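Residue numbers (my numbering): 607 to 930.
Where a beta carbon is used, it is the ideal one built from N, C-alpha and C, also for glycine.
If you're wondering where the values come from, they're calculated on a predicted model, not measured in any experiment.
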Ligand SMILES: [Cu+2]
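This is how it looks when you write it as structure tokens:
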């Protein structure tokens, strides 16, 4: 029923528009005037509308920035994240300065140089000085930004993780599972063919590195210690996203990807500044299916002492898979 009503409204609107055009044509025949001709008066009205757009539009932009500022992420909780934040700040400042100068100019010129009978445009074919300025200035600014961006990217992706805690992050529709590499810091081999019963990650228990691995549903990490996350996917492409640490990496079936970073603030510290219900969370940032929105896992950053207490209370795979 609703669809029929919508179709009816669309048809009637089109019919009304056609009739309006027809009326316009008849009018111009009766009065012998071209009703479509643009007059000075029309140009002036449009020019004033352009002028009014400047305070209204710019005011709306500023209002949005102030009103929705609290929805932005808090400052990064990782070493490389702070550098990414600085890069973002520099880029946004440049963009906003240019935006706030150029946009009012655009609308003001539309008003100032509006059409007027008898007005002709000033003609010049070439200006070397202008061309040099609008080529050289953006080139320098963009080169600086790109080199700065590449260096930040390089430092974020090429960290020293030789003494990092190694954790596998395993994704499937629609949840995450983590596997700690245990005392040997080496993850046991795995194969999707071995996924069966309790062995949800398909860990190869014949590999000697597997026995001390620990499978958990909540990741704990010591603060200020590097961690290396190794991603795997069982079914489709997922994207591991840890917004507070500025970490994101695709999880691709059949391909191993990784990301190393160092958390700098504990969950308790974040609760102090962001409120009691704050939690670090790992989200999926690739629309991977119907329950994609609910694909998340808690990350807890704590003191080394608390972390050691927690990790020593976890069961190894040797205990959970082989004893039964
Ligand atoms: Cu997903």
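By the Cβ test, the region 815-834 is in contact with the region 914-926, since at least three Cβ pairs between them sit closer than 8 Å. Ranked by Cα distance from residue 681, the options 897, 895, 909 and 870 are led by 870. With fewer than 16 other Cβ atoms inside 10 Å of its own Cβ, residue 911 counts as exposed. Annotation: the region 731-768 contains the following complete segments of the alpha helix (DSSP H) (minimum length 4 residues), in chain order: 734-763. If you check the CB distance, residue 866 and residue 834 come in under 9 Å. Ligand 1 has a heavy atom closer than 8 Å to the beta-carbon of residue 779. For residue 844, the shortest C-beta to heavy atom distance toward ligand 1 is below 8 Å. For residue 717, the enclosing alpha helix (DSSP H) starts and ends at 685-718. 9 Å or more divides the Cβ of residue 656 from the Cβ of residue 727.
Between the region 652-670 and the region 710-724 there are three or more inter-stretch CB-CB distances shorter than 8 Å, so the stretches are counted as touching. Put simply, of 909, 906, 849 and 891 the residue whose alpha carbon is nearest the alpha carbon of residue 677 is 849. Comparing C-alpha distances from residue 812 to each of 796, 803 and 804 shows the shortest one belongs to 796. Rounded to whole angstroms, the separation of the alpha carbons of residue 700 and residue 667 is 16 Å. Under the three-state reduction of DSSP output, residue 916 falls in the helix class.
Exclusion of residue 686 from the 8 Å shell around ligand 1 follows from its C-beta lying no nearer than that to any non-hydrogen atom of the ligand. Of all C-beta pairs linking the region 692-712 to the region 890-910, fewer than three are shorter than 8 Å, placing the two stretches out of contact. Collapsing the DSSP output to three states places residue 851 in a helix.
Judged by the Cβ position, residue 823 fails to qualify as a neighbour of ligand 1 at the 8 Å threshold, every heavy atom of the ligand being at least this far. With fewer than 16 other CB atoms across the displayed protein chains lying within 10 angstroms of its CB, residue 608 is exposed. In the structure shown, residue 780 adopts coil according to DSSP, grouped into three states.
Between residue 685 and residue 758, the CB-CB gap reaches or exceeds 9 Å. Selection 885, 696, 768 and 648 evaluated against residue 722 yields 648 as nearest (Cα-Cα). Within the same chain, and ignoring the five residues on either side of residue 852 in sequence, the residues whose Cβ sits closer than 6 Å to its Cβ are 682, 687 and 690. In this structure, residue 901 has its CB closer than 8 Å to one or more heavy atoms of ligand 1.
With contacts defined by Cβ atoms closer than 9 Å, residue 810 and residue 788 do not form a contacting pair. Between residue 836 and residue 864 a beta carbon distance of about 5 Å is seen, short of the 8 Å cut, so the two are scored as contacting. In this structure, the alpha-carbon of residue 635 lies about 43 Å from that of residue 664.
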